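Here is the structure we will look at.
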Amino acid sequence: MKHIIIVLTVLSSVFSFSQTKTTDASNTYKKRILESTEVDFLMSYYKQEGNHASVTGGIGDETLTDITPTFVVAIPLNVDDVLTIDAGISAYTSASSSNLDPFDASGASNRAGYDDDDDEGSSNNNMAGAVTGSPWVASSGASSQDVWGSINASYSHSSDDRNTIWSANVGFTTEYDYTSIGFGGSLTKLFNEKNTEISFKTQAYLDTWSPKYPTELDSYLEAGQNLNNGFFNGIDILDQNGIAIDKNGAAVWLPFNTTLIQNKSRNSYTASFSFSQILSKKAQFSLFFDLVQQKGWLANPMQRVYFADRANYYIGNASSISNYMSRANKDVFHLADDIERLPSSRFKIPIGIRFNYYINEALLLRTYYRYYFDDWGVNSHTFSIELPIKFHAGKFVLYPTYRFYNQTAADYFAPYETHVSTSEFYTSDYDLSRFNSNQYGLGLRYTDIFTKFKIFNLGLKSFDLKYSIYNRSDGLKAGILSAGFKFILD
Numbered sequence: 001m002k003h004i005i006i007v008l009t010v011l012s013s014v015f016s017f018s019q020t021k022t023t024d025a026s027n028t029y030k031k032r033i034l035e036s037t038e039v040d041f042l043m044s045y046y047k048q049e050g051n052h053a054s055v056t057g058g059i060g061d062e063t064l065t066d067i068t069p070t071f072v073v074a075i076p077l078n079v080d081d082v083l084t085i086d087a088g089i090s091a092y093t094s095a096s097s098s099n100l101d102p103f104d105a106s107g108a109s110n111r112a113g114y115d116d117d118d119d120e121g122s123s124n125n126n127m128a129g130a131v132t133g134s135p136w137v138a139s140s141g142a143s144s145q146d147v148w149g150s151i152n153a154s155y156s157h158s159s160d161d162r163n164t165i166w167s168a169n170v171g172f173t174t175e176y177d178y179t180s181i182g183f184g185g186s187l188t189k190l191f192n193e194k195n196t197e198i199s200f201k202t203q204a205y206l207d208t209w210s211p212k213y214p215t216e217l218d219s220y221l222e223a224g225q226n227l228n229n230g231f232f233n234g235i236d237i238l239d240q241n242g243i244a245i246d247k248n249g250a251a252v253w254l255p256f257n258t259t260l261i262q263n264k265s266r267n268s269y270t271a272s273f274s275f276s277q278i279l280s281k282k283a284q285f286s287l288f289f290d291l292v293q294q295k296g297w298l299a300n301p302m303q304r305v306y307f308a309d310r311a312n313y314y315i316g317n318a319s320s321i322s323n324y325m326s327r328a329n330k331d332v333f334h335l336a337d338d339i340e341r342l343p344s345s346r347f348k349i350p351i352g353i354r355f356n357y358y359i360n361e362a363l364l365l366r367t368y369y370r371y372y373f374d375d376w377g378v379n380s381h382t383f384s385i386e387l388p389i390k391f392h393a394g395k396f397v398l399y400p401t402y403r404f405y406n407q408t409a410a411d412y413f414a415p416y417e418t419h420v421s422t423s424e425f426y427t428s429d430y431d432l433s434r435f436n437s438n439q440y441g442l443g444l445r446y447t448d449i450f451t452k453f454k455i456f457n458l459g460l461k462s463f464d465l466k467y468s469i470y471n472r473s474d475g476l477k478a479g480i481l482s483a484g485f486k487f488i489l490d
């Protein structure tokens, strides 16, 4: 992060002396698109709790915390052109993703790679009874926390009459299990004395999986599909009745599908259209829609699936099997039947409208509605309203917000252990289930166009603080605290 900040500071210094405000032969004055370099520092803290962890097949602890600091620097290159650099990280801990290897806390994962001829592996056989795991207990494995990083650069140019704006952008993102390269461009036209605006934007994201799999599936393949080798050496596998199976017998645990990711790409292409019209001095209306095409491996290889028509097998404490779906289960884990599998393409169309109305000098009304549908069977409605209230000569704005969302379930969703193995596609990710949600927020914004408050050569132009509470009908609850500071470089 330190290196990113240094780069942004150097770039800001290099371009801050930009060129003159007169550019044509007639020396006609032209207002700059951006008068001075602007630096935004954004920070958010997110925490959630829930009972439907997707990594453990639709049940389990969903506790997650995330901190996301981001810097955005907008640099005027000259009168018409602006370069914007956006760099941020997201550091999170997740009980759900930690259970990619639910046995890690008990030391079981350290057994990976041992076989029957390995003396060190054999010496660990006495630990077999101590190997436990649970979807309700966070593991200490590598996947329990991660840092997502992203950097993007965009360049925009405005025509002399300011009625045409085009831009181009490129970015790079990396995380624990994937990398992404994104690029795109946009064109905006203003008409009717700038009362009408039409925009077109395209964007592409070329992602590459570095797939991570549930430890029992991965270890099974590494052990040559032999339950007496590697991770499984010396570990009892229990049936539904809590009885240790004969690993050389006919009734044994084995994955339903031993084929993992073959196509590691996941690409998304978006075309966006928007139309905005000022209706009067008090009212503005806008309409937008997107066309989104995704191709590649669209399922998450970390997420387990369990079938109702296959026998259940466990590792851990036999007496806890009957209590498996309860948070009281602290020491037994259900071995996966397969990973999530979904179609290799998805087509999405969101269509939305906005309507803003100036009520009086102290009060505004901002509304938003979006309808979404895709070819996976998901349909959704989103409605939000914001009521900014100005006070103290307009320097402060208090803005309460409310957002309602509901969706239908994807064709391929079913809860824990209700899928059947004859299906071609399946997921127990509750983000693809049927649910509705409510989000309530309250924000405070401070604006000082004279930037009287200074930090070195940076004048504070605005400050924004907001807290939101999110509740979902499947039991997921979250709180979001966000803050933003906008500085002007003198």
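Numbering (this note's numbering), first residue to last: 1 to 490. We put the beta carbon where it would ideally sit given N, CA and C, even for glycine. Note that this is a predicted model, so its numbers are computed, not measured.
Between residue i and residue j, which are expected to be in contact by the criterion C-beta below 8 Å, what is the C-beta distance as a whole number of angstroms?
i: F200; j: F273; result: 6 Å
i: S421; j: D309; result: 6 Å
i: D81; j: S156; result: 7 Å
i: S139; j: P102; result: 5 Å
i: D89; j: G149; result: Checking the sequence, you will find Ile at residue 89 rather than Asp. That belief holds up - the Cβ atoms of I89 and G149 are roughly 5 Å apart, short of 8 Å.
i: K395; j: Y446; result: 6 Å
Have a look at residue i and residue j and give me their C-alpha separation to the nearest angstrom.
i: K348; j: V73; result: 32 Å
i: D429; j: G57; result: 7 Å
i: L221; j: D464; result: 51 Å
i: T215; j: I67; result: 27 Å
i: F485; j: E38; result: 10 Å
i: T22; j: K189; result: Any reading at T22 must be qualified, since the residue scores a pLDDT of 41, below 50, and its modelled position is unreliable; the value itself is stated next. Taking the straight line from one Cα to the other gives about 23 Å.
i: F289; j: F373; result: 11 Å
i: M43; j: P255; result: 42 Å
i: V378; j: W136; result: 29 Å
i: R327; j: Y368; result: 39 Å
i: A128; j: I353; result: Here the model assigns A128 a pLDDT of 41, short of 50, so the residue's position is not dependable and the matter cannot be decided.
i: G316; j: S423; result: 29 Å
i: K282; j: N51; result: 46 Å
i: N229; j: Y314; result: 17 Å
i: D331; j: T132; result: 5 Å
i: N406; j: S437; result: 6 Å
i: K466; j: A483; result: 6 Å
i: D318; j: P415; result: Per the sequence shown, residue 318 should be read as Ala rather than Asp. Those two C-alpha atoms are separated by around 24 Å.
i: G459; j: S384; result: 33 Å
Would you give the residue range spanned by the alpha helix (DSSP H) that residue i belongs to?
i: E222; result: T215 to E222
So, with DSSP's three-state summary, where would you put residue i?
i: S97; result: helix
i: Y324; result: coil
i: D81; result: strand
i: F232; result: helix
i: Y430; result: helix
i: S473; result: coil
i: A299; result: coil
i: D448; result: coil
i: A153; result: strand
i: A130; result: helix
How far does the beta strand (DSSP E) with residue i in it extend, from its first residue to its last?
i: E340; result: Premise fails: E340 is in no beta strand (DSSP E) and is neither H nor E.
i: E197; result: T196 to W209
i: Y46; result: E38 to E49
i: Q284; result: A283 to G296
i: H381; result: N379 to E386
i: G484; result: K477 to L489
i: K189; result: Y178 to F191
i: Q277; result: S265 to I278
i: R366; result: L363 to D374
i: R354; result: S345 to N360
i: T401; result: F396 to Q407
i: P76; result: L64 to P76
i: T173; result: T164 to E175
If you count every other CB in all the chains shown that lies within 10 Å of the CB of residue i, and 16 or more means buried, which is it?
i: A168; result: exposed
i: S210; result: exposed
i: N257; result: exposed
i: H392; result: exposed
i: P400; result: exposed
i: L444; result: exposed
i: Y412; result: buried
i: G479; result: exposed
i: T300; result: Checking the displayed sequence, the identity of residue 300 turns out to be Asn instead of Thr. It is buried - the Cβ of N300 has at least 16 other Cβ atoms within 10 Å.
i: L217; result: buried
i: F71; result: buried
i: V79; result: buried
i: I235; result: buried
i: N329; result: buried
i: I243; result: exposed
i: E417; result: buried
i: T427; result: buried
i: F232; result: buried
i: A95; result: buried
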